[in-house]
Structures are given as C-alpha cells and as structure tokens.
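Each residue of the sequence shown is one higher than the one before, starting from 266 at the first, in the numbering used here.
From the three backbone atoms N, C-alpha and C, an ideal C-beta is built for every residue, glycine too.
Please read the structure below before turning to the comments.
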Amino acid sequence: MLDLNPSLMVIVLIVFFSLLFLLNHVLYNPLLNFMDCRSATIADDLEKAKELSGNSDELYSKAKSVTDLAKTEAMAIRQKAIDDAKALANSKFEAKTTELDSKYQNFMKELSASQEELRVTLTSQLPLLKESLKTKLSNL
C-alpha cells in the first residue's frame, strides 16, 4: 500500500525548512517590521493628537478670556458713550430751558409795559371817548 520513502521524506523536510527560512526572511520579518513601525507611528500620532488637543483647549480658553475681556471693555465704552450722550442732552435741555425762561420773563416784562402803556393811553383818551359817546347817544 503506502511505502515510506526516507529519502523523499528528507527532501520534503529540507524543502520545508528552506521554504520556512526563505519566507521568514523575505515575507514574515518585513511584514512584522512594517506592523511594528505602523504601531509606533500610530502611537506617536495619538500622542501628538493629545498634545494638540491640549494646546487647542488652552488656546480656546485664552481666546475665550480675550473675547470676554473685549466684551466687558465694549460694554464699558458703550455705557460711557451713553452717559456722555445723556449728560450732553441734559446740558442742552437745561440751556434751552434757561433761554426759554429768560425769553418768557422778557415777554412778560414787555407785556406788562405794553399793558401799562395801553392803560395810560386809554386813560388819556377817556374824556374824548366819553364825549364821542355822548354825541352819538344824543343823535339817537
């Protein structure tokens, strides 16, 4: 049936070991080296990503603090501008009020003088008016 041939077995064993040696040097070792290098590269990239993430968090917090400071400064400038505008409006209002008050006082003085002048004029012409009224009544 089956005969065992020792020389054939030795040749198969030599071919097997030589193929194992050749594949080990040509295929397995370069493949293992590539996988080790790739693992090291991935680990380095992860470490760099963590550093960059830390840097981005730090930069984000700095940017947030700068924007918050700018917002508070802008609010202060805005409030100062509003206060200045209110003060200017109040001063203009007060100036106009005093001007109108003085004009009103002058008008009242002129009105009083005119009233006095009219009274004096009417008093001086009262006898003439009485005379003219008497003549008109007598004509009726």
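Here the alpha carbons of I347 and E338 stand approximately 14 Å from one another. The C-alpha of K361 lies about 53 Å from the C-alpha of Y325.
Here K345 has no same chain residue with a Cβ atom under 8 Å from its own Cβ, once five neighbours each way along the sequence are excluded. For Y369, the uninterrupted alpha helix (DSSP H) run begins and ends at 294 to 389, by DSSP.
Rounded to whole angstroms, the separation of the alpha carbons of D349 and L383 is 50 Å. In the three-state reduction of the DSSP assignment, L269 falls in the coil class.
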